[in-house]
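Heads up: the sequence lines are chains A and B, in that order. Counted the way our numbering counts, the first sequence spans residues 18 to 237. Counted the way our numbering counts, the second sequence spans residues 4 to 216. Notes for the one structure printed next.
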Amino acid sequence: TLLGVVTTDALVTSKIWREMVRTSVNRSFNQITVDGDTSTNDCVIALASGISGSSGISDLHSNEALQLQACLDVVMQGLAKSIAWDGEGATCLIEVTVTGTGNEADAAKIARTVASSSLVKAAIYGRDPNWGRIACAAGYAGIHFDAKKLDISLGSIQLMKNGQPLAFDRSAASSYLRMAGEAHGTVEIHISVGDGPGNGQAWGCDLSYDYVKINAEYTT
Amino acid sequence: MSSETETAYAYISAAPILLPEGPWKQIPGGVTAAKGFKAAGIYGGLRAVGEKPDLALVTCDTDAISAGAFTTNIVAAAPVQYCKNVLGLSTTARAVLVNAGQANAATGDAGYQDAVESANAVAQLLKVNPNAVLIESTGVIGQRIKKEALLNSLPRLVGSLSSNVQSADSAAVAITTTDLVSKSVAVETQVGGVSVRIGGMAKGSGMIHPNMA
Numbered sequence: 018t019l020l021g022v023v024t025t026d027a028l029v030t031s032k033i034w035r036e037m038v039r040t041s042v043n044r045s046f047n048q049i050t051v052d053g054d055t056s057t058n059d060c061v062i063a064l065a066s067g068i069s070g071s072s073g074i075s076d077l078h079s080n081e082a083l084q085l086q087a088c089l090d091v092v093m094q095g096l097a098k099s100i101a102w103d104g105e106g107a108t109c110l111i112e113v114t115v116t117g118t119g120n121e122a123d124a125a126k127i128a129r130t131v132a133s134s135s136l137v138k139a140a141i142y143g144r145d146p147n148w149g150r151i152a153c154a155a156g157y158a159g160i161h162f163d164a165k166k167l168d169i170s171l172g173s174i175q176l177m178k179n180g181q182p183l184a185f186d187r188s189a190a191s192s193y194l195r196m197a198g199e200a201h202g203t204v205e206i207h208i209s210v211g212d213g214p215g216n217g218q219a220w221g222c223d224l225s226y227d228y229v230k231i232n233a234e235y236t237t
Numbered sequence: 004m005s006s007e008t009e010t011a012y013a014y015i016s017a018a019p020i021l022l023p024e025g026p027w028k029q030i031p032g033g034v035t036a037a038k039g040f041k042a043a044g045i046y047g048g049l050r051a052v053g054e055k056p057d058l059a060l061v062t063c064d065t066d067a068i069s070a071g072a073f074t075t076n077i078v079a080a081a082p083v084q085y086c087k088n089v090l091g092l093s094t095t096a097r098a099v100l101v102n103a104g105q106a107n108a109a110t111g112d113a114g115y116q117d118a119v120e121s122a123n124a125v126a127q128l129l130k131v132n133p134n135a136v137l138i139e140s141t142g143v144i145g146q147r148i149k150k151e152a153l154l155n156s157l158p159r160l161v162g163s164l165s166s167n168v169q170s171a172d173s174a175a176v177a178i179t180t181t182d183l184v185s186k187s188v189a190v191e192t193q194v195g196g197v198s199v200r201i202g203g204m205a206k207g208s209g210m211i212h213p214n215m216a
């Protein structure tokens, strides 16, 4: 279950605050996944005291609103990533970045689909630079793209270009995954699906034997 | 209160918080970093095992503009239903009570009544409107909250409220379940040339695939 409480002293109207929170939640908590199970209790409450002394925000497109939105995004994304990092049994955080879609929502959907793939997650735990599983998950995300424009990189190591697998250094790629796992660090997966302006991110974690152990023992 | 805080520290460490570079700076504190907020986290006897803090309260000195995002799971827990109802009636809130141990999900009408009674009890102690108190629960699904233990602990919880960093940290620990680390962060930025702070705490480790609206 995900729970969150967010507070600010910014002065903002109810309508704008609720819209800002909706946007930030979609860019953060709704973009993480650990095990694919949506809880009965997921809940984020956000409160704005309004006593910072700042001028009131009543226009979503004002500079002040954009500044506050960016900061709200960062706080929620920081918390969201720490949840994925702490996924049950996880040895590393997986950050999936998708570019080249027509809009932000399409990129976000592909990113989360890849981060959610049990096969991708297991491959990361197995330190296997398995571009095929990444490409597969991107392909069934429900967002149309040209497979001949698909690029995939693991960290700085490019695995696929224009839909063609590359002769990458498999040992180096595997080592990248192993080092991330040993340090409980971050594995970065970069995916480009075209030339559009849309980009989005999602965060997950690898899938280890410990996940089953923890949840077999955490019973009703 | 300091012994409660030290107890919280002993159970769990803080998560690394990964923030990108930008026109903000990370500052100490979590939910209490912004002006007007207090928090507390104590052990109230709700957990089945151990004595890690399991009750958290965040309060605001003023009527805070409120917003919420909730699971779209049709089988939503009682506190989720309660909060959705309250946020539909009011645009402001004064407090958020969070318990760990029992999720109060799939508990029917009795579970909903537990949420209402918990909110009312907090409202009475804080001397605010019951609709100004929101509730979050986490823990084992299918179990009602240990209401007697919760209600008995509320005076001590309210008495522990503070705006300091330690109280924010204690609250962040108190909402954890299988989490190996607590999650808390605060940043400061400029909005229209004035310093504004945003802070937060979260929990989650398993059953994580949110789809909130």
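The beta-carbon is built from N, C-alpha and C at its ideal position, and this holds for glycine as well.
Closer than 8 Å to chain B by CB, W148 of chain A: no
- request: Leaving out five residues on either side along the sequence, give the residues of the same chain with a beta carbon under 7 Å from the beta carbon of R129 of chain A.
  value: Q48, T50 and A219
- request: With 8 Å as the threshold, decide whether the Cβ of Y235 of chain A is near any Cβ in chain B.
  value: yes
task: For S156 of chain B, collect the residues of the same chain with a Cβ closer than 6 Å to its Cβ; drop the 5 residues on either side in sequence, then sort them by chain order.
output: G47 and L58
message: Suppose you measure from the CA of A171 of chain B to the CA of F162 of chain A; what does that come to, to the nearest Å?
response: 45 Å
message: Just to make sure I have the definition right: I need the residues of chain B whose C-beta is within less than 9 Å of the C-beta of L194 of chain A. Which are they?
response: Result: empty, since nearest Cβ-Cβ is about 18 Å, beyond 9 Å.
task: Write down every uninterrupted run of the alpha helix (DSSP H) in the stretch 161-210 of chain A whose length is 4 residues or greater and which is fully enclosed by it, in chain order.
output: 187-199
- request: Taking a Cβ distance cut-off of 8 Å, strictly less, list which residues of the stretch 116-140 of chain A are near chain B, in chain order.
  value: S133
- request: Using a cut-off of 9 Å between C-beta atoms, extract the partners of V229 of chain A located in chain B.
  value: Neighbours of V229 of chain A on chain B: none; closest Cβ ~11 Å, over 9 Å.
- prompt: Nearest-angstrom Cα distance between S165 of chain B and A43 of chain B?
  reply: 7 Å
query: Looking at the unbroken beta strand (DSSP E) that takes in A51 of chain B, where does it start and where does it end?
result: From DSSP, A51 of chain B is part of no beta strand (DSSP E); its letter is neither H nor E.
field: Members of the stretch 61-87 of chain B that neighbour chain A once the beta carbon cut-off is set at 8 Å
entry: V61, C63, D64, T65, A67, I68, S69, A70, G71, A72, F73, T74, T75, N76, V78, A79, A80, P82, V83 and C86
- prompt: If G104 of chain B sits next to R50 of chain B, beta carbons under 8 Å apart, how far is it from one beta carbon to the other, in whole angstroms?
  reply: 5 Å
field: Chain-ordered neighbours of D182 of chain B on chain A, where CB pairs are closer than 7 Å
entry: D103
- request: Could you tell me which residues DSSP puts in a beta bridge with N216 of chain A?
  value: A:T116
- prompt: Roughly how far, in whole angstroms, is the beta-carbon of G203 of chain B from the beta-carbon of G32 of chain B, given that I think they are within contact range, below 8 Å?
  reply: Not quite, the Cβ-Cβ distance comes to about 10 Å (not below 8 Å), so this is no contact.
query: Does the beta-carbon distance from L60 of chain B to I62 of chain A come in below 8 Å?
result: no
task: Quick one: give me the first and last residue of the alpha helix (DSSP H) that M93 of chain A is part of.
output: N80 to W102
V161 of chain B vs V22 of chain A beta-carbon contact at 8 Å: no
message: Please tell me whether S66 of chain A and V199 of chain B are closer than 8 Å, where the distance is taken between their beta carbons.
response: no
- prompt: Over what stretch of residues does the beta strand (DSSP E) that includes V61 of chain B continue unbroken?
  reply: L58 to F73
query: Any idea which residues DSSP pairs L22 of chain B with across the strands?
result: Paired residue(s): none; L22 of chain B is not in a bridge.
- prompt: Enumerated in chain order, which unbroken segments of the beta strand (DSSP E) with a length of 3 residues or greater are wholly contained in the stretch 104-192 of chain B?
  reply: 136-143
message: Just to confirm the assignment, what range does the beta strand (DSSP E) spanning Q84 of chain B have?
response: Looking at the DSSP string, Q84 of chain B is not in any beta strand (DSSP E); the run it does join, the alpha helix (DSSP H), is A81 to L92.
message: Once the 5 residues before and after V184 of chain B are set aside, which same chain residues still bring their CB inside 7 Å of it?
response: I15, S16, A17 and A18
query: How would you write the range of the alpha helix (DSSP H) that I231 of chain A sits in, first residue to last?
result: Y226 to E234
Limits of the unbroken alpha helix (DSSP H) element including K206 of chain B: Run containing K206 of chain B: none in the alpha helix (DSSP H); it sits in the beta strand (DSSP E), V197 to K206.
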